[in-house]
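Working notes, structure below.
2 protein chains.
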Amino acid sequence: SIIRILEERKEPIRDLAGKRVLVTAGPTQETIDPVRFFTNHSSGKMGYALAEAAARRGADVTLVSGPTQLTAPRSVKRVDIASAQDMLDQVLARYEEQDIVIKAAAVADYRPVQTFDSKMKKKDGNLSIELERTTDILQTLGQRKQHQYLVGFAAETDNAIEYGKGKLERKRLDAICVNTVGKADSGFQSDTNEVIYLNKEGKEQHLPTETKKQIAHRILDEILEDMEADRK
Amino acid sequence: SIIRILEERKEPIRDLAGKRVLVTAGPTQETIDPVRFFTNHSSGKMGYALAEAAARRGADVTLVSGPTQLTAPRSVKRVDIASAQDMLDQVLARYEEQDIVIKAAAVADYRPVQTFDSKMKKKDGNLSIELERTTDILQTLGQRKQHQYLVGFAAETDNAIEYGKGKLERKRLDAICVNTVGKADSGFQSDTNEVIYLNKEGKEQHLPTETKKQIAHRILDEILEDMEADRK
Numbered sequence: 009s010i011i012r013i014l015e016e017r018k019e020p021i022r023d024l025a026g027k028r029v030l031v032t033a034g035p036t037q038e039t040i041d042p043v044r045f046f047t048n049h050s051s052g053k054m055g056y057a058l059a060e061a062a063a064r065r066g067a068d069v070t071l072v073s074g075p076t077q078l079t080a081p082r083s084v085k086r087v088d089i090a091s092a093q094d095m096l097d098q099v100l101a102r103y104e105e106q107d108i109v110i111k112a113a114a115v116a117d118y119r120p121v122q123t124f125d126s127k128m129k130k131k132d133g134n135l136s137i138e139l140e141r142t143t144d145i146l147q148t149l150g151q152r153k154q155h156q157y158l159v160g161f162a163a164e165t166d167n168a169i170e171y172g173k174g175k176l177e178r179k180r181l182d183a184i185c186v187n188t189v190g191k192a193d194s195g196f197q198s199d200t201n202e203v204i205y206l207n208k209e210g211k212e213q214h215l216p217t218e219t220k221k222q223i224a225h226r227i228l229d230e231i232l233e234d235m236e237a238d239r240k
Numbered sequence: 009s010i011i012r013i014l015e016e017r018k019e020p021i022r023d024l025a026g027k028r029v030l031v032t033a034g035p036t037q038e039t040i041d042p043v044r045f046f047t048n049h050s051s052g053k054m055g056y057a058l059a060e061a062a063a064r065r066g067a068d069v070t071l072v073s074g075p076t077q078l079t080a081p082r083s084v085k086r087v088d089i090a091s092a093q094d095m096l097d098q099v100l101a102r103y104e105e106q107d108i109v110i111k112a113a114a115v116a117d118y119r120p121v122q123t124f125d126s127k128m129k130k131k132d133g134n135l136s137i138e139l140e141r142t143t144d145i146l147q148t149l150g151q152r153k154q155h156q157y158l159v160g161f162a163a164e165t166d167n168a169i170e171y172g173k174g175k176l177e178r179k180r181l182d183a184i185c186v187n188t189v190g191k192a193d194s195g196f197q198s199d200t201n202e203v204i205y206l207n208k209e210g211k212e213q214h215l216p217t218e219t220k221k222q223i224a225h226r227i228l229d230e231i232l233e234d235m236e237a238d239r240k
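Chains as they are written, first to last, in this note's numbering: chain A, 9 to 240; chain B, 9 to 240.
Below, the structure written as structure tokens:
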């Protein structure tokens with residue numbers, strides 16, 4: 009049929025065949041007690057779109073995912089985690105064998121210092137919860153980087169591009185995808201996204217607002233182009 | 009067909025026809041900044057099961073629901089909320105006209121004192137978040153109770169029945185459904201539940217472990233029986 013022919017023409021070339029790609033996606037949950045936790049509004053859509061796009065282009069894809077309502081394609085190896093520490097452990101265990109690592113997850117920066125085994129009883133008056141920094145996964149990956157092409161994301165409400173450039177350098181990334189939307193949360197749950205791709209050579213590529221699936225392919229195009237250039 | 013006949017036989021009698029029932033369900037989300045929030049592991053399944061069961065039995069049902077992945081039957085009026093304060097406002101606005109109010113939601117007891125319009129920047133070292141008590145919805149409903157039959161839930165990890173009796177009295181409820189599971193979180197996401205129904209006359213009715221749909225009908229049976237007894 010016509011539709012089938014169009015579908016076939018849309019089938020991407022397998023330009024990631026032979027490459028191992030690890031993508032992180034979704035939020036993390038930081039436990040306060042058996043009932044309560046901290047989390048964030050990440051839907052996981054951008055990470056899942058990247059994992060699916062990379063798999064369609066022939067990559068061997070691992071998706072390390074926080075709790076989401078999304079389904080990964082069967083060809084993707086999905087590893088489910090809850091906390092930032094879980095995510096760090098699962099990513100590090102698979103880091104060495106990867107060619108490309110894309111950190112699209114919204115990992116908690118802070119977790120409660122104390123976690124309670126029983127539900128906290130409420131009391132009169134205010135309550136102060138002491139939080140400590142989680143280990144910065146992207147920074148850890150930057151420090152331990154060997155052959156991997158390492159890509160981060162920056163979702164900031166203010167001065168997103170400037171912030172993205174600083175993060176790229178500070179964390180020894182190869183590239184960073186910056187959400188330029190005015191409010192960080194509009195990038196989080198939506199099906200579309202507006203991304204600027206910055207690389208360590210100073211490239212600043214504006215990717216037009218498209219669906220997250222289309223943006224995913226555009227990001228992979230940029231990564232492949234950069235990896236080609238690195239080899240020269 | 010045989011299946012159709014069995015389905016028809018399973019159709020419950022419309023013993024809630026003419027009654028207005030309001031059910032609250034799901035978690036609430038308490039905003040820290042545009043990205044981060046506090047929440048809890050409530051799936052909303054118990055509340056949705058109660059709303060559906062009451063609607064099937066002929067009640068005019070309103071479901072005030074926190075963010076869940078569930079779908080309410082079309083015959084149920086669904087009101088979506090995010091925070092504990094939203095839930096309080098929406099329930100109070102509809103309280104007077106209700107015959108039965110069942111609070112199955114897991115409402116946050118605490119919310120951040122300060123909410124940030126921009127994403128909080130992370131800093132070195134620990135961070136302390138100051139939380140304040142939210143308004144106790146069930147207690148407010150108990151204080152303002154006129155003709156309504158008011159039912160709460162108690163999901164506690166320790167001494168659940170004793171705690172439930174205290175809560176029933178303290179909040180001027182007509183009845184309370186106590187989850188007797190050892191850990192509160194096993195009652196939260198699961199499809200089954202174990203509930204003890206306590207009423208203000210001292211009834212202590214153990215409802216055997218069944219699906220949440222079946223438990224919902226058992227709870228409605230108890231409520232109707234109590235309301236009948238109250239009228240005598």
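Using N, Cα and C, we set each Cβ at its ideal position, and we do this for glycine too. For clarity, every value in this text was computed on a predicted model and none was experimentally measured.
Supposed close pair residue i, residue j - CB separation, criterion 8 Å
{"i": "serine 83 of chain A", "j": "alanine 112 of chain A", "result": "At roughly 18 Å, the Cβ-Cβ gap does not stay under 8 Å, so serine 83 of chain A and alanine 112 of chain A are not in contact."}
{"i": "leucine 149 of chain B", "j": "tyrosine 103 of chain B", "result": "7 Å"}
{"i": "leucine 139 of chain B", "j": "asparagine 134 of chain A", "result": "6 Å"}
{"i": "glutamate 164 of chain B", "j": "lysine 127 of chain A", "result": "6 Å"}
{"i": "alanine 67 of chain B", "j": "lysine 221 of chain B", "result": "About 16 Å; that fails the 8 Å criterion."}
{"i": "alanine 183 of chain A", "j": "lysine 208 of chain A", "result": "7 Å"}
{"i": "threonine 70 of chain B", "j": "leucine 30 of chain B", "result": "5 Å"}
Element boundaries [beta strand (DSSP E), containing residue i]
{"i": "threonine 76 of chain B", "result": "No beta strand (DSSP E) holds threonine 76 of chain B; DSSP gives it neither H nor E."}
{"i": "histidine 225 of chain B", "result": "Here histidine 225 of chain B belongs to no beta strand (DSSP E); instead the alpha helix (DSSP H) covers 220-239."}
{"i": "tyrosine 103 of chain A", "result": "Unbroken run through tyrosine 103 of chain A: none, as it is neither H nor E."}
{"i": "isoleucine 137 of chain A", "result": "135-141"}
{"i": "tyrosine 148 of chain A", "result": "The identity of residue 148 of chain A in the sequence shown is threonine, whereas the question assumes tyrosine. Segment 145-151 is the alpha helix (DSSP H) holding threonine 148 of chain A; no beta strand (DSSP E) there."}
{"i": "glycine 160 of chain A", "result": "157-163"}
{"i": "valine 186 of chain B", "result": "183-187"}
{"i": "valine 29 of chain B", "result": "28-33"}
{"i": "arginine 119 of chain A", "result": "118-120"}
{"i": "threonine 36 of chain A", "result": "Taken as a continuous stretch (DSSP letters only), threonine 36 of chain A belongs to no beta strand (DSSP E), as it is neither H nor E."}
{"i": "arginine 44 of chain B", "result": "44-48"}
With 16 other Cβ atoms within 10 Å as the buried cut-off, status of residue i
{"i": "lysine 129 of chain B", "result": "exposed"}
{"i": "leucine 167 of chain B", "result": "For clarity, residue 167 of chain B is asparagine in the given sequence; the question names leucine instead. Exposed."}
{"i": "lysine 240 of chain A", "result": "exposed"}
{"i": "aspartate 193 of chain A", "result": "Note on aspartate 193 of chain A: pLDDT 43, under 50, position unreliable in the model; no value is reported."}
{"i": "glutamine 37 of chain A", "result": "buried"}
{"i": "glutamate 16 of chain B", "result": "Residue confidence for glutamate 16 of chain B is low, a pLDDT of 49 falling below 50, so the modelled location carries little weight and cannot support an answer."}
{"i": "lysine 27 of chain A", "result": "buried"}
{"i": "glycine 160 of chain A", "result": "buried"}
{"i": "leucine 146 of chain B", "result": "buried"}
{"i": "glutamine 122 of chain A", "result": "exposed"}
{"i": "glutamine 151 of chain A", "result": "exposed"}
{"i": "isoleucine 21 of chain A", "result": "exposed"}
{"i": "serine 51 of chain A", "result": "buried"}
{"i": "proline 216 of chain B", "result": "exposed"}
{"i": "arginine 44 of chain A", "result": "buried"}
{"i": "alanine 162 of chain B", "result": "buried"}
{"i": "histidine 225 of chain A", "result": "buried"}
{"i": "lysine 179 of chain B", "result": "buried"}
Start-to-end residues for the alpha helix (DSSP H) that takes in residue i
{"i": "aspartate 88 of chain B", "result": "Run containing aspartate 88 of chain B: none in the alpha helix (DSSP H); it sits in the beta strand (DSSP E), 85-88."}
{"i": "leucine 176 of chain B", "result": "168-178"}
{"i": "arginine 22 of chain A", "result": "Run containing arginine 22 of chain A: none; DSSP gives neither H nor E here."}
{"i": "leucine 58 of chain B", "result": "53-64"}
Chain A residues whose Cβ lies nearer than 8 Å to that of residue i
{"i": "threonine 148 of chain B", "result": "Within chain A, no residue comes near threonine 148 of chain B; the closest Cβ sits about 15 Å away, beyond 8 Å."}
{"i": "serine 51 of chain B", "result": "Here the premise fails: no neighbours, minimum Cβ distance about 12 Å."}
{"i": "lysine 130 of chain B", "result": "Asp117, Tyr118, Arg141"}
Contact set between residue i and chain B, taken where Cβ atoms lie within less than 8 Å
{"i": "isoleucine 137 of chain A", "result": "Ser136, Ile137, Leu139"}
Contacts of residue i in chain B (Cβ-Cβ under 7 Å)
{"i": "tyrosine 56 of chain A", "result": "Going along chain B, no residue has its Cβ under 7 Å from tyrosine 56 of chain A, so there is no contact; the nearest lies around 16 Å."}
{"i": "glutamate 230 of chain A", "result": "Simply none; closest approach about 25 Å."}
{"i": "phenylalanine 161 of chain A", "result": "Going along chain B, no residue has its Cβ under 7 Å from phenylalanine 161 of chain A, so there is no contact; the nearest lies around 13 Å."}
{"i": "threonine 47 of chain A", "result": "Phe45, Thr47"}
Partner residues on chain A for residue i, Cβ-Cβ distance less than 7 Å
{"i": "glutamine 77 of chain B", "result": "Gln77"}
Residue-chain proximity (residue i, chain E), Cβ-Cβ < 9 Å
{"i": "proline 81 of chain A", "result": "No chain E appears in the structure shown, which is made up of the protein chains A and B."}
Contacts of residue i in chain B (Cβ-Cβ under 9 Å)
{"i": "valine 121 of chain A", "result": "Asn134"}
Given 8 Å, three or more beta-carbon pairs between the region 28-44 of chain B and the region 73-82 of chain B: yes
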